[in-house]
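Number of protein chains: 2
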Amino acid sequence: MSKRRGLMIVLSSPSGAGKTTLTRKLLAENDDMQMSVSATTRKPRTGETPGKDYVFVSTAQFEEMLADNAFLEYAKVFDNYYGTPAQPVQDALAEGKDIIFDIDWQGAQQLTQAAADDLVKIFILPPSKVELERRLKSRAQDSAETIAKRMSKSAGEISHWAEYDYVIVNDDLSESMDSIRAIVTAERAKRKRQLWLGPFVNDLVQGR
Amino acid sequence: MSKRRGLMIVLSSPSGAGKTTLTRKLLAENDDMQMSVSATTRKPRTGETPGKDYVFVSTAQFEEMLADNAFLEYAKVFDNYYGTPAQPVQDALAEGKDIIFDIDWQGAQQLTQAAADDLVKIFILPPSKVELERRLKSRAQDSAETIAKRMSKSAGEISHWAEYDYVIVNDDLSESMDSIRAIVTAERAKRKRQLWLGPFVNDLVQGR
């Protein structure tokens, strides 16, 4: 038995809040942490590694897994399915490995229904509206209409901030990392996650 | 309005686990943290400062406060009452100050009933039974019977470890402090405690 049960760390944010950078840094610092790999029915794109970026399956396979209740969360986007297979996550948690989920509020809601006790839900916010707009505009030379659509999509994502356990306003990257590190350390120190404590306390009181 | 709501930090442990040292260090590091001051009906002892060590009240006063439901928790030990007045705690929390409670499992249970949302319950364990016995024996030249009584009292306290949010095995003082610091930082980053976030998100989405 692993000493501790792993964490399911959900990082959600509107695009432009800096989530990707924070996720990369967190993974680089933690050997016992990995990204969740989704299954999808869409075709692999150039540069994508099967099993690393996605597990690529047929629609029939995906629907069979759905019927078996084999997903922690899933969504259909246009004609393609995306979902998080439950088994690899359960195996990793039992081995004391933390898993990071890069999902939106809809995915986070489904994970909460499926596995509330293992979840650590963190919402990343941009420091201001001006900064959010600046970041969204800087991504490419888009039309005013496209940018307005993005701002509206961001607002929709942000509107779900209150469903998260922790909120980090990502103004200073180094301070945000300090906060995330503290959250991970604290969540690992939670009694319910320290699987070895039961036998340890037994020994402490009764004897050896 | 304060930016954040303060934490009610409960530190419980069997005697000999190192709680007093950890509490002192934590207080020394945090300006916005203070010890909870209990009210008691017992007489002040030499060296005790009223209002700092205890608030000393008469039995009639204490019982009037009890009738007014003015305590977060209380106990009667022999002929003396001890209790935590609710009002100073509520004021401190609203001002964004953290309060440390040095109480046993019975006090922690009552606080949980009275104020679960503000609580951060940490249990400190000694690293081994041998070490616990060594520390209890080293306190004074006591009879074997007295030491056996202390071990039994320790076992009683330890038996409530599972009622706490976090458990720290205090083997290395510096590592234990790192854990406690991370817990405090993480708990302060919890969404529900960051009172300023509601208006901030409103501005972020709607406008200014």
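Heads up: the sequence lines are chains A and B, in that order. Using our numbering, the first residue of the first sequence is number 309, and each one after it goes up by one. Using our numbering, the first residue of the second sequence is number 309, and each one after it goes up by one. Quick reminder that beta carbons are idealized off the backbone N, C-alpha and C, glycines included.
Listed by chain order, chain A residues near residue i by CB distance under 8 Å
i: B/Ile-476; result: Ala-497
Extent of the continuous beta strand (DSSP E) to which residue i belongs
i: A/Pro-393; result: 388 to 393
i: B/Leu-427; result: 427 to 433
i: A/Lys-384; result: 379 to 385
i: A/Ala-336; result: Note, A/Ala-336: premise wrong, no beta strand (DSSP E); alpha helix (DSSP H) at 327 to 337.
i: A/Leu-315; result: Taken as a continuous stretch (DSSP letters only), A/Leu-315 belongs to no beta strand (DSSP E), as it is neither H nor E.
i: A/Arg-410; result: The residue asked about is misnamed: residue 410 of chain A is Asp in this sequence, not Arg. Looking at the DSSP string, the run of the beta strand (DSSP E) that includes A/Asp-410 is 406 to 410.
i: B/Val-345; result: It is not in any beta strand (DSSP E) - B/Val-345 carries neither H nor E in the DSSP assignment.
i: B/Tyr-362; result: 362 to 364
i: A/Tyr-474; result: 474 to 477
Close beta carbons around residue i, own chain, < 8 Å, minus the five adjacent residues each side
i: B/Ile-518; result: Beyond the ends of chain B as shown, which are 309 and 516, falls residue 518 of chain B; an answer cannot be given.
i: A/Phe-386; result: none
i: B/Ser-310; result: Ala-402, Glu-403, Gly-404, Leu-503
i: A/Val-363; result: Val-345, Ser-346, Ala-347, Thr-348, Pro-393
i: A/Asp-412; result: Ser-320, Glu-465
i: B/Arg-283; result: Residue 283 of chain B lies beyond the range of chain B shown here (309 to 516); nothing can be said about it.
Cβ distance (whole Å) where residue i is taken to contact residue j below 8 Å
i: A/Ile-408; j: A/Met-341; result: 6 Å
i: B/Tyr-472; j: A/Arg-499; result: 6 Å
i: B/Val-477; j: B/Pro-435; result: 6 Å
i: A/Ala-307; j: A/Gln-414; result: The question about residue 307 of chain A has no answer, for chain A in this structure spans 309 to 516.
i: B/Val-513; j: A/Ala-463; result: 5 Å
i: A/Thr-345; j: A/Lys-360; result: Note that residue 345 of chain A corresponds to Val in the displayed sequence, not to Thr. So it is a contact: roughly 7 Å between Cβ atoms.
i: B/Leu-335; j: B/Ile-488; result: In fact, because the Cβ distance is near 11 Å, the residues do not count as touching under 8 Å.
i: A/Asp-426; j: A/Met-316; result: 4 Å
i: A/Ala-497; j: B/Tyr-474; result: 5 Å
i: A/Val-509; j: B/Trp-469; result: 6 Å
Boundaries of the alpha helix (DSSP H) in which residue i is found, first to last residue
i: B/Ala-416; result: 413 to 423
i: B/Thr-493; result: 481 to 496
i: A/Ser-460; result: 452 to 466
i: B/Leu-444; result: 437 to 446
i: A/Thr-367; result: 367 to 375
i: B/Leu-505; result: 505 to 514
Contact set between residue i and chain B, taken where Cβ atoms lie within less than 9 Å
i: A/Asp-406; result: Going along chain B, no residue has its Cβ under 9 Å from A/Asp-406, so there is no contact; the nearest lies around 15 Å.
i: A/Gln-418; result: Chain B residues near A/Gln-418: none, gap ~19 Å exceeds 9 Å.
i: A/Leu-505; result: Leu-433, Trp-469, Ala-470, Val-475, Val-477
7 Å Cβ cut-off: residues of chain B touching residue i
i: A/Asp-473; result: Lys-498, Arg-499
i: A/Thr-493; result: Ser-487, Ala-490
i: A/Ala-573; result: In this structure chain A extends from 309 to 516, so residue 573 of chain A is not present and cannot be described.
i: A/Ala-463; result: Val-513
Local Cβ density within 10 Å of residue i, reported as buried at 16 or more and exposed below that
i: A/Leu-374; result: exposed
i: A/Glu-381; result: buried
i: B/Glu-495; result: buried
i: A/Val-438; result: exposed
i: B/Gly-391; result: buried
i: A/Leu-481; result: exposed
i: A/Asp-406; result: buried
i: A/Ala-424; result: exposed
i: A/Gly-355; result: exposed
i: B/Arg-458; result: buried
i: A/Arg-501; result: buried
i: B/Gly-314; result: buried
Per-residue contacts from residue i into chain A (C-beta, under 9 Å)
i: B/Ser-577; result: What the structure shows of chain B is the stretch from 309 to 516, and residue 577 of chain B is not part of that stretch, so it cannot be assessed.
i: B/Lys-360; result: By Cβ distance, chain A contributes nothing, its closest Cβ being about 30 Å from B/Lys-360, past 9 Å.
Same chain only: Cβ atoms within 7 Å of residue i, ignoring 5 sequence neighbours per side
i: B/Ala-416; result: Val-318, Ser-320, Lys-429, Glu-471
i: A/Thr-349; result: Val-365, Ser-366, Thr-367, Phe-370, Asn-388, Tyr-389
i: A/Ala-325; result: Ile-432, Leu-433, Pro-434, Asn-478
i: B/Lys-333; result: Met-485
i: A/Lys-445; result: Ile-455
Beta-carbon neighbours of residue i, restricted to chain B and to distances below 8 Å
i: A/Gln-502; result: Val-475
Chain-ordered neighbours of residue i on chain A, where CB pairs are closer than 7 Å
i: B/Ala-456; result: Result: empty, since nearest Cβ-Cβ is about 14 Å, beyond 7 Å.
Any non-hydrogen atom of the ligand MG within 7 Å of residue i CB
i: A/Asp-406; result: The ligand MG is absent from the structure shown, which contains no ligand whatsoever.
Neighbourhood of residue i by C-beta, 6 Å cutoff - its chain only, sequence neighbours within 5 removed
i: B/Met-278; result: Residue 278 of chain B is absent from the structure shown; chain B starts at 309 and stops at 516.
i: B/Arg-443; result: Gly-324
i: A/Glu-441; result: none
i: B/Ser-451; result: none
Minimum Cβ-Cβ distance from residue i to chain D less than 8 Å
i: B/Ala-347; result: Structure shown: chain D not included; protein chains present are A and B.
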